[in-house]
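Student: The sequence shown: position 63 = 63 (UniProt numbering), numbered continuously. Just so it is clear, CB atoms sit at the ideal spot from N, CA and C, and this is done for glycine as well. For clarity, every value in this text was computed on a predicted model and none was experimentally measured. Sharing a structure, written as structure tokens. Questions coming.
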Amino acid sequence: MHTVHTALSKAPGAYMQGILLMIAGVACLSANDAIAKALTADYSPLQILFLRNVIALPFTVVIAVLMGGPSALRSHRPVAHLLRGALWVSATMMFFTSFIHLALAEATALIFVAPFFITLISALFLGEKVGWRRWLAVLAGFFGVLVIIRPGGATFQLISLLPVATALVYALLMLSARWVDPRESVWTLLVYLTCAGALLSGLIVPLVWVPVRSGDLWLFAGIAMFGTAGMTMMTQAFRRAPAVVVAPLDYTGLLWATLFGWVLWRERLDMMTIVGAALIIASGVDTIFREKRHGGT
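Structure, rendered in structure tokens:
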């Protein structure tokens, strides 16, 4: 995989292709979130997640075979994918639930603390060495979270902790990639994550199921299309250009979330939320560059 990545990233125009793919992929995932927020007015987050996965699964399988060959459908450790699916279902459920009460951009800003949870877990439980500069970035990121949710203040909502909990579970999901057999490609992970999500959510969705209105079918198709396209393009972005180039572009998701929130629901971010989001993004970008240049110290 590293050899392929290196060869691709040195090709003419590969950096720009990676950048454009990342921006487009983040925009698609932001559209996915906006549609999910719209659907939470009439459907349970669990039902939204289930239908998203069921509709997306055939397309994910086709993409995986085209990009990785038939071997992309073979798993050497299916139980690992099932456990990762449970983490993904939990994270997505919490994130979609937060949309019911929070502005889209506010929830998006809070989920960006996932890299800091990865640092904490890696240092405290996995024995990885973390330098003082990365700890400083973690503190700055969490200070940004406090600025946004303002615990103890008049505007504090307990629901604001849901995106933070989402970020924690998402960090566990990212670290759980270590459970997967190294012979399996990223396309295998994509297929089995979607499949496990459909299976696990399908086991309990009858408890909250309501009939789907015909006028909403295009929304469910849209969330599946944008979600699958977004993950595919972001995966390709990391293959076309180095992570240090494309990873910071993930934070453009806050711009898209702000735009969608204003256009669809006239949501506006207050100054404290903007300041908190800026702290989270700045410390996250610093972590990405330091990881590249200094090996994470």
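Among the residues of its own chain, which have a CB less than 6 Å from the CB of V275, if the five just before and after it don't count?
Tutor: Counting from one through the sequence shown, the residue named residue 275 turns up at place 275. Here the set comprises V147.
Student: Go ahead and pull the three-state DSSP assignment for E184.
Tutor: For this step, residue 184 is matched to residue 184 along the sequence shown. Residue state, collapsed to three classes: coil.
Student: Sort L120, S160, A86 and V79 by Cα distance to A109 and report the nearest one.
Tutor: In the sequence shown, residue 109 corresponds to position 109, counting from 1. Ranking the options by Cα distance to A109, first place goes to S160.
Student: Roughly how many angstroms lie between the CA atoms of L193 and R84, to the nearest whole one?
Tutor: The residue given as residue 193 occupies position 193 in the sequence shown. The residue given as residue 84 occupies position 84 in the sequence shown. Cα to Cα, the separation comes out at about 7 Å.
Student: In the DSSP assignment, find the unbroken alpha helix (DSSP H) run with R240 in it and report its ends.
Tutor: Working through the sequence shown from its first residue, we reach residue 240 at position 240. First-last of the alpha helix (DSSP H) with R240: L217 to R240.
Student: Find out if the Cβ-Cβ distance for the pair V26, T252 is shorter than 7 Å.
Tutor: Along the sequence shown, one-based indexing puts residue 26 at 26. Along the sequence shown, one-based indexing puts residue 252 at 252. Yes.
Student: Just reading off the alpha helix (DSSP H) that P78 is part of, what are its end residues?
Tutor: Indexing the sequence shown from 1 puts residue 78 at position 78. It spans P78 to S98 - the alpha helix (DSSP H) in which P78 sits, taken as one unbroken run.
Student: Three or more C-beta pairs under 8 Å: does that hold for the stretch 156-170 against the stretch 98-109?
Tutor: Yes, since at least three Cβ pairs between the stretch 156-170 and the stretch 98-109 fall closer than 8 Å, the two stretches touch.
Student: Quick check on the DSSP output: what are the complete alpha helix (DSSP H) runs of length 4 or more inside the stretch 13-53, in order along the chain?
Tutor: Runs of the alpha helix (DSSP H) inside the stretch 13-53: 14-39.
Student: Could you check whether the stretch 198-210 touches the stretch 77-91, counting it as contact only if at least three pairs of C-beta atoms, one from each stretch, sit closer than 8 Å?
Tutor: Judged by Cβ distances under 8 Å, the stretch 198-210 makes contact with the stretch 77-91, as three or more pairs qualify.
Student: Only counting the same chain, and skipping five residues up and downstream in sequence, which positions put a Cβ closer than 7 Å to that of H2?
Tutor: The residue you call residue 2 lines up with position 2 of the sequence shown. In this prediction, H2 has a pLDDT of 40, which is less than 50 and means its spatial position is unreliable; what the coordinates show is noted afterwards. Closer than 7 Å at the Cβ level, and outside the excluded window around H2, lies no residue.
Student: Answer yes or no: do M231 and A24 have a C-beta to C-beta separation smaller than 7 Å?
Tutor: Numbered from 1 along the sequence shown, position 231 holds the residue referred to as residue 231. Numbered from 1 along the sequence shown, position 24 holds the residue referred to as residue 24. No, Cβ-Cβ distance for M231 and A24 is not below 7 Å.
Student: May I have the straight-line CA-CA distance separating Q17 from A31, to the nearest angstrom?
Tutor: Locating residue 17 in the sequence shown gives position 17, counting from the first residue. Locating residue 31 in the sequence shown gives position 31, counting from the first residue. So the two alpha carbons sit approximately 21 Å from each other.
Student: Under 8 Å Cβ to Cβ from residue 298, same chain only, skipping five residues before and after it: list those, please.
Tutor: The question about residue 298 has no answer here: the residues shown for the chain are numbered 1 through 297.
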